[in-house]
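Input: a single structure, listed below in structure tokens.
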Amino acid sequence: MASFKQGELHLLVATTVIEVGVDVPNASLMIIENPERLGLAQLHQLRGRVGRGAVASHCVLLYKTPLSKTAQIRLQVLRDSNDGFVIAQKDLEIRGPGETVRYASDG
115 MASFKQGELH LLVATTVIEV GVDVPNASLM IIENPERLGL AQLHQLRGRV
165 GRGAVASHCV LLYKTPLSKT AQIRLQVLRD SNDGFVIAQK DLEIRGPGET
215 VRYASDG
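Take a look at the structure:
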């Protein structure tokens, strides 16, 4: 990672561990495999790792077809917005609010 940050290496292959805490201004391309398996917030965080410097950047999502209708909607949200708040709102609409009051115990 240090060699990538210093510009000695020009390619970094990583897991989603780079989602937070990575700031490499010269990083200009991110390719995400199977984005349909990740959440919208996670995808938004990942693509935010590129484009922090003066160089134009791109985030490419490589997915397998056929995508489910929900996956299509989720990826369209990411395509249509760079605004984290808008993405969070759409994620809430798609997934719902979840259980807010629990009466049952998990263990």
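What the sequence shown shows, in the working numbering, is residues 115 to 221, in sequence order.
For every residue, glycine included, the Cβ atom is placed at its ideal position computed from N, Cα and C.
Just so it is clear, the structure is predicted and the values come from calculations on it, not from any experiment.
Residue i versus the options, residue with shortest Cα-Cα distance
| i | options | result |
| --- | --- | --- |
| V174 | G153, A168, L143 | L143 |
| E150 | V134, P180, A141, L206 | P180 |
| R161 | V131, Y177, H172 | H172 |
| S182 | P211, N148, G212, A116 | N148 |
| T184 | K119, E207, D194, A168 | E207 |
Beta-ladder partner(s) of residue i, from DSSP
| i | result |
| --- | --- |
| V174 | I145 |
C-beta contact flag for residue i and residue j at 7 Å
| i | j | result |
| --- | --- | --- |
| I201 | L152 | no |
| I132 | R163 | yes |
Burial state of residue i (16 or more Cβ within 10 Å)
| i | result |
| --- | --- |
| A116 | exposed |
| L158 | Inspection of the sequence shows that residue 158 is occupied by His rather than by Leu. H158 comes out buried. |
| L192 | buried |
| A141 | buried |
| V222 | Beyond the ends of the chain as shown, which are 115 and 221, falls residue 222; an answer cannot be given. |
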